[in-house]
Amino acid sequence: MQQWEYLYVRFYIEDEVKCILTRVYASKDEPTPLPEWEGKNLFAFLNDLGQQGWEMIEAPYTVEEGQSAKRLIFKRPIQQRRFRLARNKK
13 MQQWEYLYVR
23 FYIEDEVKCI
33 LTRVYASKDE
43 PTPLPEWEGK
53 NLFAFLNDLG
63 QQGWEMIEAP
73 YTVEEGQSAK
83 RLIFKRPIQQ
93 RRFRLARNKK
């Protein structure tokens, strides 16, 4: 049976025309700031995640602190081989 891992990303957009990211956070376990993506283009960010095997499955819209926060949820398959290797390590 296919198993999945999930990634939750929250960010704000500084420039709606150029889609420049500000305050980017990702979470698999704990929310983690991603300062290396602040000031970058949303499309480059999405393409980078796609290259890593992440597929966007949801993009809910929320308003936080008077600003519109964008939230994206991604998933990718857990490789069975990788899963087995991790389980067999002592």
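To convert, count from 1 in the sequence shown and add 12; that's the working numbering.
Note that beta-carbon positions come from the ideal geometry of N, C-alpha and C, so glycine has one too.
| Check | Outcome |
| --- | --- |
| Nearest-angstrom Cβ-Cβ length linking R36 and F23, presumed shorter than 8 angstroms | One detail in the question is off: residue 36 reads as Val in this sequence, not Arg. So it is a contact: roughly 4 angstroms between Cβ atoms. |
| Enclosing alpha helix (DSSP H) for L58 [first to last residue] | L54 to Q63 |
| Residue of P89, F86 and L58 minimising C-alpha distance to I32 | L58 |
| Y73 versus R83: straight-line alpha-carbon distance, rounded | 6 angstroms |
| Buried versus exposed, by CB contacts within 10 Å (16 or more), V29 | exposed |
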